[in-house]
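Residue numbers for the sequence shown, in this note's numbering: 5 to 520. Below is one structure, written out as structure tokens; the observations come after it.
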Amino acid sequence: MLTPLPKTNTDSNSNPIPHVAIFGAGISGLKTAHECIKKGFRVSIYEAREQPGGKCIGFMNSGLPYELTHRQMFSSNPVLLNTLKEISTSEGDNLMTKIEPLPKAQFVWAQKNKTVHFSQKHFNVFTELIYNLKSAWSMLVDGVPIKDVYWFRTRLSAKVIQKSDMNSPVSSYLEYDKRPLLASFLRKVLSSWIAATDNTRTGDILQLLLNKKIPPSSLSPATYSVTLNGPINDTLIIPWYQYLKEQGVNFHFNTALKDIKLSNSKCQYAILDNGVTVQADFFIIAIPPYQTLNILPELKPLLKVESVKSHGFQLHLKKIPSTFKNKSIGIIIDSAWGLSYKLYHSGKYNNTVFAENIQATLSITATRMEHAKGILYHKTLLECNQQEIHDEILAQLGLFSPEFNDCFFNTIQAGPGALIVRKQEANNPKYKNWFKGPEIVDPYGNAAHWLVQNQLENPTCSNGVSTDSCLASNVFIAGEWLNHPQQKWTVPSTIERSMENAQLCVNDVMKEATLV
Ligand SMILES: Cc1cc2nc3c(=O)[nH]c(=O)nc-3n(C[C@H](O)[C@H](O)[C@H](O)COP(=O)(O)OP(=O)(O)OC[C@H]3O[C@@H](n4cnc5c(N)ncnc54)[C@H](O)[C@@H]3O)c2cc1C
Numbered sequence: 005m006l007t008p009l010p011k012t013n014t015d016s017n018s019n020p021i022p023h024v025a026i027f028g029a030g031i032s033g034l035k036t037a038h039e040c041i042k043k044g045f046r047v048s049i050y051e052a053r054e055q056p057g058g059k060c061i062g063f064m065n066s067g068l069p070y071e072l073t074h075r076q077m078f079s080s081n082p083v084l085l086n087t088l089k090e091i092s093t094s095e096g097d098n099l100m101t102k103i104e105p106l107p108k109a110q111f112v113w114a115q116k117n118k119t120v121h122f123s124q125k126h127f128n129v130f131t132e133l134i135y136n137l138k139s140a141w142s143m144l145v146d147g148v149p150i151k152d153v154y155w156f157r158t159r160l161s162a163k164v165i166q167k168s169d170m171n172s173p174v175s176s177y178l179e180y181d182k183r184p185l186l187a188s189f190l191r192k193v194l195s196s197w198i199a200a201t202d203n204t205r206t207g208d209i210l211q212l213l214l215n216k217k218i219p220p221s222s223l224s225p226a227t228y229s230v231t232l233n234g235p236i237n238d239t240l241i242i243p244w245y246q247y248l249k250e251q252g253v254n255f256h257f258n259t260a261l262k263d264i265k266l267s268n269s270k271c272q273y274a275i276l277d278n279g280v281t282v283q284a285d286f287f288i289i290a291i292p293p294y295q296t297l298n299i300l301p302e303l304k305p306l307l308k309v310e311s312v313k314s315h316g317f318q319l320h321l322k323k324i325p326s327t328f329k330n331k332s333i334g335i336i337i338d339s340a341w342g343l344s345y346k347l348y349h350s351g352k353y354n355n356t357v358f359a360e361n362i363q364a365t366l367s368i369t370a371t372r373m374e375h376a377k378g379i380l381y382h383k384t385l386l387e388c389n390q391q392e393i394h395d396e397i398l399a400q401l402g403l404f405s406p407e408f409n410d411c412f413f414n415t416i417q418a419g420p421g422a423l424i425v426r427k428q429e430a431n432n433p434k435y436k437n438w439f440k441g442p443e444i445v446d447p448y449g450n451a452a453h454w455l456v457q458n459q460l461e462n463p464t465c466s467n468g469v470s471t472d473s474c475l476a477s478n479v480f481i482a483g484e485w486l487n488h489p490q491q492k493w494t495v496p497s498t499i500e501r502s503m504e505n506a507q508l509c510v511n512d513v514m515k516e517a518t519l520v
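Structure representation (structure tokens):
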């Protein structure tokens, strides 16, 4: 019997303009599509989920913020801001109108009821001095010996840093083994802030810590941190998707890349999980690292990426607890689970008055979800049930006391992409790509598991995968986890890094296109 040939999708009929097929519609996929359109290519995107955005998930749900995480972005990054400026909206403006300055941030020691406020302005000589004094004071509050504080400041202000040092793990450049209390402080700050690990590249960390010295982009508000003034789907992902569709990008959802067919060092076509083949002149794979390995197993020796389990939770407030009255965005330094937070005020966030007379929502992100034990139940986050997580996060925020009981509306809610399901349901094939936590007992005595859809994929200093690492000349890679030699913005786990890598990827496609 003859096997019918699978249907072929070219999104074209012998059109002379080169066609680029992009797999994955997260920030990296959207930005590669954006750049490809600017270069005059025809573009099709194939996304496994039913909507674009990937790890960028956040919207209003029943009148209240509901998001995977709160977002902080860096105003000195021109790639991010220029992209936002290029995305025009149906209201006749562009997405720069969605950017809001973050004028202050805090380090909080909830158990000691102590807060250090930082201004988020770019440095002049005077503000740099104040900032350095405050960060030194923060280290002392945390128990770092004064000689280590001095050593750290000297190390940070070194005029010349060898390339080999820049490419070494941060734990070796900052001598974590010789200075355990300094190491403990830095680990907490860097993991809560950008999910950095001991193996994160020194250059990436120095860029983060010295960022205030980089002049702001001319587009930017005067603060060095900025944020979106509403949930990320409403303010960035959906308007960008609409814009790209208007520019002619063909989107295909619920359809995943399964394989590529190579011949003579070129990809002839891609194969989707529904059996359809995709023909194109160029193929861009913009999906997470371990899914990329399924398609390109030859990358395995080069791939050195650490997965960090991180997720957001929302606490809706009927009344703002006294200890959060003057807070905005910050890190709970003494929290076991690496908590960071941002406070959204009703009427200001998304210009929306929150439902249920909620005054504000505390959006909290946990970063050390599978290793560190909490202070109440002595369990990791993924070993706790919903009620235990509520109690534990309140305790780590310094709010586990009857005096705050009238502040909270319901229990703490996990943001989209994380849920507790009964043991049998956890094996449902629809969760096959989700991370499954250890077995727990839910409040009704049933065996259950946490399932987490997204994780941070942090390239270590030895990661060797770049945009052109695939041996086929017409296949390129995009993603936050790549180390590209021309990358200027290397801070891990950032939208900026994803966008810059996507731009570099399309530059590589363009070079290849002009050669053909
Ligand atoms: C908890 C958390 C907090 C964060 N906080 C911040 C922050 O404050 N600021 C900041 O700048 N960044 C933050 N980040 C990082 C930021 O979200 C990421 O850098 C960025 O979203 C990565 O985009 P991406 O497109 O490279 O990957 P992804 O978002 O992972 O997108 C990949 C896409 O590929 C799809 N896909 C997977 N397999 C296939 C397949 N086989 N075929 C087709 N499609 C497929 C996926 O469904 C997904 O849509 C955070 C991330 C997390 C998880």
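No residue lacks a Cβ here, since even glycine has one placed at the ideal position from N, Cα and C.
If distances are taken between C-alpha atoms only, which option among the options comes closest to residue i?
i	options	result
L403	L34, L72, Q115	Q115
T119	Q251, E360, A109, V479	A109
I368	N361, S269, I335, N86	I335
H74	N237, T93, L303	N237
I333	L347, Y247, D146, G44	L347
T259	I49, T494, G30	I49
K125	L343, S79, W454	S79
T464	L486, S477, P447	L486
G279	I264, N268, C271, I289	I264
S311	C60, V456, N128	V456
W141	Y294, V129, Y154, D208	Y154
G342	N117, K313, S269, I324	K313
R426	S172, S195, I444, S66	I444
Y294	E504, D512, G483, H315	G483
H373	P105, N414, A418, D410	The identity of residue 373 in the sequence shown is Met, whereas the question assumes His. Answer by Cα proximity: A418.
E360	N330, G378, E387, F412	F412
K217	N81, N86, G316, L144	N81
M143	N117, V193, K182	V193
Would you report the Cα separation of residue i and residue j, rounded to the nearest angstrom?
i	j	result
G234	F358	12 Å
A376	S497	20 Å
I21	L423	45 Å
A452	R159	47 Å
R501	W493	6 Å
K352	Q363	10 Å
Q507	T36	6 Å
N19	F45	11 Å
M514	K43	8 Å
Q76	G62	14 Å
S178	G207	Note on identity: in this sequence residue 178 is Leu, with Ser being the wrong assignment. Taking the straight line joining both Cα atoms gives about 12 Å.
D215	I499	According to the sequence as given, residue 215 is Asn; it is not Asp. For N215 and I499, the distance between alpha carbons rounds to 16 Å.
N3	N136	The first residue shown for the chain is 5 and the last is 520, placing residue 3 beyond what the model contains.
N65	H394	20 Å
S32	L460	14 Å
D146	P184	12 Å
L6	V282	For L6, the pLDDT reaches just 40, beneath the cut-off of 50, and the residue's location in the model is therefore unreliable, leaving the point undetermined.
L106	Y228	8 Å
P219	H23	38 Å
Hey, residue i and residue j are a contact pair by Cβ (cut 8 Å); roughly how many whole angstroms apart?
i	j	result
W113	I397	Going by Cβ atoms, the distance from W113 to I397 rounds to 16 Å, so no, they are not a contact pair.
V47	V253	5 Å
I91	W244	5 Å
Q318	Y70	7 Å
P292	L72	14 Å between Cβ atoms; not a contact.
N478	K270	5 Å
Measure the Cβ-Cβ separation of residue i and residue j and say whether it is below 8 Å.
i	j	result
G468	W454	no
P371	A199	First, the amino acid is wrong: residue 371 is Thr here, not Pro. In contact: T371 and A199 (Cβ atoms closer than 8 Å).
V309	N462	yes
G590	G57	No statement about residue 590 is possible, as the shown extent of the chain runs from 5 to 520 and does not include it.
F156	L133	no
Y345	L366	yes
I289	I481	yes
S222	V230	no
F189	V148	yes
S175	D152	no
F287	A52	no
L99	L88	yes
Q400	S339	yes
F328	E54	no
S473	L306	yes
T131	S139	no
As an exercise, report each continuous alpha helix (DSSP H) stretch of at least 4 residues that is fully enclosed by the region 422-447, in chain order.
Segments of the alpha helix (DSSP H) lying fully in the region 422-447: 427-430.
Any beta strand (DSSP E) of 3 or more consecutive residues that is wholly inside the region 301-375
Within the region 301-375, the complete beta strand (DSSP E) runs of at least 3 residues fall at 309-312, 315-321, 333-336, 344-349, 364-370.
Please give me, in chain order, every unbroken run of the beta strand (DSSP E) with length at least 3 that falls completely inside the region 107-187.
Entirely contained in the region 107-187, the beta strand (DSSP E) runs reaching 3 residues are, in chain order, 108-113, 118-123.
Could I get the ranges of all uninterrupted alpha helix (DSSP H) runs contained in the region 192-245, with 4 residues as the minimum, in chain order?
Listed in chain order, the complete alpha helix (DSSP H) runs (minimum 4 residues) inside the region 192-245 are 206-213.
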